[in-house]
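Chains as they are written, first to last, in the numbering used here: chain A, 1 to 150; chain B, 151 to 300.
Built from N, CA and C at the ideal position, the CB exists for glycine as well.
The model shown is predicted, which means the values in this text are computed figures rather than measured ones.
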DNA sequence: ATCCTATATTTGTACATACAAATGTTGTTT
DNA sequence: AAACAACATTTGTATGTACAAATATAGGAT
């Protein structure tokens with residue numbers, strides 16, 4: 001639905017305000033969509049994101065800093081997010097040997113299995129959502145969002 | 151920056167995944183930008199959003215439901231968000247007379263003063279962010295985001 | 001009028017997040 | 001080498017948010 005109608009915004013709101021409202025609103029909406037798809041697996045979008053990052057490390061350990069830099073939503077307490085993944089046995093954490101201030105975080109076999117399983121469901125949601133956008137529209141959307149953040 | 155570089159994503163990720171990642175990432179980024187602009191006023195983006203909704207009511211009271219429907223980020227406890235605004239004396243809340251299940255929430259004079267003041271700062275942030283996008287680019291962005299949510 | 005269902009909000013509780021201070025480690029300066 | 005600043009993470013604490021159950025009111029159906 002059109003953003004103005006959706007949130008019952010005044011009709012003469014300038015386009016730039018509409019656009020920013022739309023980015024925020026659509027971001028939240030998308031997050032909620034993903035969250036409810038993840039719900040049955042008892043995992044949050046944030047946790048899913050971190051698991052995916054760790055899977056992308058291809059066996060290499062990641063420090064907290066590396067994880068944080070790559071997270072979609074930066075947060076001020078990644079330690080505790082990793083704690084949650086630890087109790088689920090999805091990751092391991094130990095002091096980094098070459099720089100003992102850092103910590104080596106790796107995904108476990110069971111973490112890999114979990115994310116592979118969960119990814120299928122998320123993939124389905126993602127293709128569903130984007131199916132009414134053409135490839136060139138996706139490219140344009142990416143271009144405009146990148147430009148916005150410059 | 152380009153979303154793939156930003157989050158150090160694998161290069162052969164399909165465009166639709168990039169787009170959704172970009173929507174989420176840009177939404178969070180924008181929220182953080184606004185949040186830090188609001189910080190000096192000791193008010194959260196959510197609270198700011200509700201005050202703006204109430205200002206838009208032009209004196210008419212809003213029920214919790216009305217507020218929730220118009221919020222950028224839907225949340226499951228609007229009561230407590232309004233509690234916060236109450237303790238700041240930015241709003242009033244009383245039982246609705248025509249339907250006593252509902253509550254009438256109104257913005258106070260001091261709430262109006264606050265939001266007028268704060269809006270100036272947020273406006274500045276918003277124009278800053280969008281200044282490198284042309285009007286037709288903003289229109290396209292809005293169109294694509296609306297289409298995504300369909 | 002009584003009963004039942006739907007609506008609107010609040011409350012209890014568990015969990016998540018933000019922020020600053022504390023801890024431990026490393027590199028640099030003197 | 002001692003002292004100090006910079007870095008990486010953790011911990012304490014306050015606040016925010018999610019979810020379900022509880023409360024209260026309204027609008028039918030019998």
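Range of the contiguous alpha helix (DSSP H) that encloses residue i
i	result
residue 84 of chain A	78-87
residue 52 of chain A	45-56
residue 185 of chain B	165-188
residue 156 of chain A	Summary: the structure shown does not reach residue 156 of chain A, with chain A confined to residues 1 through 150, and so no result is reported for it.
residue 5 of chain A	3-6
residue 68 of chain A	64-70
Residues near residue i by beta carbon distance below 6 Å, same chain, minus five either side
i	result
residue 268 of chain B	191
Under the three-state DSSP convention, the category residue i falls into
i	result
residue 95 of chain A	strand
residue 270 of chain B	helix
residue 282 of chain B	coil
residue 73 of chain A	coil
residue 126 of chain A	helix
residue 261 of chain B	helix
residue 240 of chain B	coil
Cutoff 8 Å; reference residue i; Cβ partners in own chain excluding five residues on either side
i	result
residue 202 of chain B	265 and 269
residue 168 of chain B	153, 154 and 159
residue 231 of chain B	196, 197, 200 and 225
Delimiting residues of the beta strand (DSSP E) encompassing residue i
i	result
residue 254 of chain B	253-257
Check whether residue i and residue j have beta carbons under 7 Å apart
i	j	result
residue 35 of chain A	residue 121 of chain A	no
residue 165 of chain B	residue 138 of chain A	yes
residue 212 of chain B	residue 153 of chain B	no
residue 144 of chain A	residue 177 of chain B	no
residue 172 of chain B	residue 142 of chain A	yes
residue 304 of chain B	residue 228 of chain B	The structure shown does not extend to residue 304 of chain B, since chain B is modelled only from 151 through 300, so no value can be given for it.
residue 20 of chain A	residue 276 of chain B	yes
Own chain, CB closer than 7 Å to residue i, minus 5 neighbours either side, in chain order
i	result
residue 72 of chain A	49
residue 110 of chain A	89 and 90
residue 55 of chain A	107, 112 and 115
CB-CB length for residue i against residue j, believed under 8 Å
i	j	result
residue 140 of chain A	residue 290 of chain B	6 Å
residue 157 of chain B	residue 70 of chain A	5 Å
residue 296 of chain B	residue 1 of chain A	7 Å
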